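Read top to bottom, the protein sequences are chains A and B. Each residue of the first sequence is one higher than the one before, starting from 1 at the first, in the numbering used here. Each residue of the second sequence is one higher than the one before, starting from 1 at the first, in the numbering used here. Cβ atoms here follow ideal geometry from the backbone N, Cα and C, with glycine treated the same way. Keep in mind it's a predicted model, so treat the numbers as computed, not measured.
There are 2 protein chains.
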Amino acid sequence: MTQAFLDEATIATLDTPVVVVDLDRVEARIAGMAAVMRERGVALRPHAKTHKSIELARRQLAAGAVGLTVATLGEAEVFAETGIEDLFVAYPLIADGPKAGRLRALAERSRLAVGADSIEGLRSVATAVRGSATPPEIMIEVDVGGHRTGVPPDAVGRLGRQAVDLGLTIRGVFTHGGHSYAGRSERMAAAEDEMRELGAAAASLRAVGIDPAVVSAGSTPTAELSAGGPITEERPGTYVFGDRQQAFLADRPLDDTALLVASTVVSHGAANGFVVDAGAKILAKDLAPYLAGHGTIVGCPEAVIERVNDHHGVVSLPDGVARPAIGDVVWIAPNHVCPVVNLVDELVVARDGRIVDRWPVDARGRNA
Amino acid sequence: MTQAFLDEATIATLDTPVVVVDLDRVEARIAGMAAVMRERGVALRPHAKTHKSIELARRQLAAGAVGLTVATLGEAEVFAETGIEDLFVAYPLIADGPKAGRLRALAERSRLAVGADSIEGLRSVATAVRGSATPPEIMIEVDVGGHRTGVPPDAVGRLGRQAVDLGLTIRGVFTHGGHSYAGRSERMAAAEDEMRELGAAAASLRAVGIDPAVVSAGSTPTAELSAGGPITEERPGTYVFGDRQQAFLADRPLDDTALLVASTVVSHGAANGFVVDAGAKILAKDLAPYLAGHGTIVGCPEAVIERVNDHHGVVSLPDGVARPAIGDVVWIAPNHVCPVVNLVDELVVARDGRIVDRWPVDARGRNA
């Protein structure tokens with residue numbers, strides 16, 4: 001089992017299962033995406049739901065990111081409290097109940113935008129911030145093919161007018177081309193969908209007299225594919241670490257994946273395989289139609305993590321492949337990194353085979 | 001949308017998505033399982049990985065549980081620190097690295113047993129506690145058909161002898177009939193497997209001169225089915241709340257399910273359906289072959305939570321069924337409750353429609 005992030009002596013000090021980040025790789029990823037976006041003249045606003053880490057957010061901003069994207073008010077609050085002021089809640093916010101006061105307070109101390117895809121959402125925001133000197137700006141969400149949230153491009157103008165009539169200010173339009181995760185060819189198609197449909201959405205706004213300052217797309221699989229279109233901002237999240245899914249979609253090896261789960265072989269009980277102490281409570285249960293099992297054991301691509309229970313990963317091996325010994329530590333690239341980070345309180349940070357830091361997952365569990 | 005745990009006025013104060021526990025239901029569940037086990041003369045040692053809560057552990061002990069089952073040393077430490085002393089780590093522990101000292105310290109302040117299914121595991125424990133005046137006892141894990149961890153029943157005697165030769169003390173044998181989760185008929189068969197194979201495992205120990213004090217089975221689907229056999233202890237976990245999977249397996253309605261996720265309808269964007277703010281970061285991604293989608297919206301069984309992303313649950317409805325309004329709160333019974341609790345920091349506790357308490361998820365994230 002090769003390609004560990006830590007040397008043997010350090011591995012012996014680990015308390016597995018544990019999430020380890022390779023600092024060189026994460027720095028290369030942050031710098032790489034920043035360089036691509038700078039070259040294209042597109043603003044980079046990384047989605048912080050992947051890392052939920054103040055330390056990593058600061059590094060992304062230092063590399064040139066214009067601000068952060070978050071999924072919830074709770075995540076925004078964590079970053080705002082630490083002085084990161086330019087925040088976009090890329091979610092159709094319903095600012096009812098406690099969220100009304102939280103939104104107002106957050107908008108007072110940050111440069112805030114929030115998503116909307118309905119008149120009900122707009123009304124809740126307008127009510128929450130009525131009379132505020134620092135209301136958030138509105139980004140209208142567009143459905144470009146993911147069929148989750150968002151309105152069709154030609155409905156954007158009408159919703160924009162309704163926002164203005166409610167006293168709100170439109171910053172622009174955004175989407176998440178989530179159908180880019182369906183496979184390699186879908187990834188290319190989704191990037192084209194983002195450009196075409198966001199262009200139509202921006203035109204729909206202009207037709208009602210609203211000029212969108214920002215046209216924002218966001219997904220790691222498409223972020224590097226949408227040059228030359230109407231997009232002014234990209235919001236990739238997963239790129240900061242990468243994962244097995246991203247490597248497959250980009251047709252790249254796992255050599256630059258910056259986060260792995262170190263896990264101990266605890267049993268040879270499973271017929272023709274072995275069991276590791278990384279289960280669903282650290283790998284999560286994300287599957288992809290084009291990937292076998294629940295992660296890749298680096299250096300042992302023939303192993304399949306057939307199933308994960310809370311604290312067990314059950315691994316099969318083809319005939320003739322030797323099992324690792326009980327007590328061995330294996331390194332697992334998870335299918336989808338975002339839920340993995342959300343399952344731990346800290347990231348162990350490695351460089352040159354040693355542990356050099358531990359970063360708290362500051363916004364872990366901030367679901368609301 | 002009916003069957004909410006809270007009244008309308010209280011729902012308006014919720015910050016969704018949020019996990020809510022109904023106190024009457026949870027008390028009835030704790031009392032009910034305790035009564036069944038008392039009547040059978042079987043010791044109840046609930047698995048605390050489901051709730052990870054000191055408050056709930058104390059209630060289970062007050063109802064007659066002999067101690068707790070946990071999955072990790074970290075969970076055991078949380079409960080030991082609060083004075084709960086009888087703990088069984090039902091996992092094939094490899095007590096290497098930091099776990100050696102942790103195991104030794106834990107055994108000094110609690111009545112501890114740990115699982116083993118290999119000579120390597122036994123050796124690691126023996127080395128960790130060598131010379132200790134208070135070593136943990138050993139429970140040998142038996143594979144009764146789940147094909148995860150554990151050894152075949154006829155291999156238990158040999159492993160037991162090896163443990164004794166290493167200076168360790170055998171308390172008994174244990175299993176988890178995890179194949180009980182495969183379906184209703186498999187549930188009955190798994191209960192029979194537990195009884196038969198644990199009986200054989202106990203005989204295997206006796207044949208080498210070791211008398212098992214404890215013969216322990218554990219899974220909520222089988223816990224109430226194994227009367228009259230060799231089992232002296234049951235370790236169900238999920239029964240404390242129930243969930244959609246358990247209700248199906250027991251062929252019962254969700255009327256006594258004690259934990260629901262309150263979630264807000266945030267969008268009508270999805271074609272012919274709606275989107276809620278409960279996604280994979282609160283519902284997790286557990287699926288069962290006999291259940292459609294990622295949970296049941298109580299009072300609306302025709303709705304299917306088709307997919308969950310981190311912060312989105314995408315719900316479909318059949319033609320002719322009216323969508324709830326944007327801003328409405330719906331109540332979701334998750335497929336599998338254990339990972340849900342592990343995704344939040346606290347449980348909101350309801351009784352008679354009001355919030356009466358908030359319990360921290362004390363052992364959340366204690367993966368190691």
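Could you tell me whether the stretch 292-309 of chain A touches the stretch 154-169 of chain B, where touching means 3 or more Cβ pairs closer than 8 Å? no
Could you tell me whether any Cβ in chain A is nearer than 8 Å to the Cβ of A284 (chain B)? For A284 (chain B), the answer is yes, since a Cβ of chain A falls inside 8 Å of its Cβ.
Helix, strand or coil at Y239 (chain A) according to DSSP, with G and I counted as helix: Here Y239 (chain A) sits in helix by DSSP.
Quick check: the stretch 247-259 of chain B against the stretch 66-76 of chain A, are at least 3 beta-carbon pairs closer than 8 Å? no
Got a sec: is the Cβ-Cβ distance from P92 (chain B) to anything in chain A below 8 Å? Answer yes: the Cβ-Cβ gap between P92 (chain B) and chain A drops below 8 Å somewhere.
Report yes or no: is there a C-beta of chain B within less than 8 Å of the C-beta of S53 (chain A)? no
What in chain A is Cβ-close to I326 (chain B), meaning under 8 Å? I94, S118, E120 and G121
Any idea what DSSP makes of E346 (chain A), helix, strand or coil? strand
For the beta strand (DSSP E) holding R187 (chain A), just list the boundary residues, first then last. Per DSSP, R187 (chain A) is not a residue of any beta strand (DSSP E); the alpha helix (DSSP H) it occupies stretches across R184 to A207.
DSSP three-state label for D357 (chain A), please. strand
Please decide whether T16 (chain B) counts as near chain A, where near means a Cβ-Cβ distance under 8 Å. yes
What residues in its chain sit with their C-beta under 7 Å from that of T134 (chain A), if we drop five residues either side in the sequence? A107 and E108
Closest to C300 (chain B) by C-alpha separation, out of B:W331, B:D319, B:I282 and B:D277, would be which residue? Ranking the options by Cα distance to C300 (chain B), first place goes to B:W331.
Just verifying my parser: in three-state terms, what is the DSSP assignment at E85 (chain B)? DSSP places E85 (chain B) in the coil class of the three-state scheme, outside both helix and strand.
Assigned exposure category for A278 (chain B) - 16 Cβ within 10 Å defines buried: buried
Quick check: D251 (chain B) and R148 (chain B), are their CB atoms within less than 8 Å of each other? no
Scan the stretch 104-157 of chain A and note each continuous beta strand (DSSP E) run of 3 residues or more that stays entirely inside, going in chain order. 111-116 and 137-141
Residue closest to S219 (chain B), alpha-carbon to alpha-carbon, out of B:L14, B:A128, B:F174 and B:V329: Comparing C-alpha distances from S219 (chain B) to each of B:L14, B:A128, B:F174 and B:V329 shows the shortest one belongs to B:F174.
Which residues in chain D sit within 9 Å of H147 (chain B), going by Cβ to Cβ distance? Going by chain labels, chain D is absent from the structure shown, which instead holds the protein chains A and B.
In whole angstroms, what separates the C-alpha of I231 (chain A) from that of S118 (chain B)? Their Cα atoms are separated by approximately 57 Å.
If you compare alpha carbons, which of A:V66, A:S263 and A:V314 is closest to V298 (chain A)? A:S263
Using 7 Å as the cut-off, classify the Cβ of R206 (chain A) as near or not near the heavy atoms of the ligand NAP, replying yes or no. Although the ligand NAP was asked about, the structure shown includes no ligands whatsoever.
Can you pull the chain B residues whose beta carbon is under 9 Å from the beta carbon of H311 (chain A), in chain order? K49, A71, T72, Y91 and N367
Under 8 Å between C-beta atoms, does G150 (chain A) make it to chain B? It does: the Cβ of G150 (chain A) has a partner Cβ on chain B nearer than 8 Å.
DSSP-derived helix/strand/coil call for V321 (chain A): Reduced to three states, the DSSP call for V321 (chain A) is coil.
Where are the beta strand (DSSP E) runs, 3 residues long or more, that stay fully inside the stretch 32-78 of chain B, in chain order? 68-70
Roughly how many angstroms lie between the CA atoms of P212 (chain B) and N342 (chain A), to the nearest whole one? Using only the alpha carbons, I get a separation of about 41 Å.
Taking 8 Å as the cut-off, decide whether the C-beta atoms of L23 (chain A) and V356 (chain A) are in contact. Taking 8 Å as the Cβ cut-off, L23 (chain A) and V356 (chain A) qualify as a contacting pair.
Does any residue of chain A have a CB that is nearer than 8 Å to the CB of P221 (chain B)? no
I'd like to know whether the C-beta of S124 (chain B) is nearer than 8 Å to at least one C-beta of chain A. Yes, contact with chain A.
Within the stretch 240-284 of chain B, ranges of the beta strand (DSSP E) (whole runs, at least 3 residues): 259-267 and 273-276
Quick one: Cα of R354 (chain B) to Cα of A9 (chain B), how far? 9 Å
Could you check how far apart the C-beta atoms of A80 (chain B) and S110 (chain B) are, in whole angstroms? I think they sit under 8 Å. 5 Å
Using the Cα positions of R351 (chain B) and D328 (chain B), report the straight-line distance between them to the nearest angstrom. 21 Å
Of the listed residues B:V321, B:L112, B:K52 and B:D96, nearest to I138 (chain B) (C-alpha basis): Minimum Cα distance to I138 (chain B) is reached at B:L112.
With H, G and I counted as helix, E and B as strand and the rest as coil, what does DSSP make of D362 (chain A)? coil
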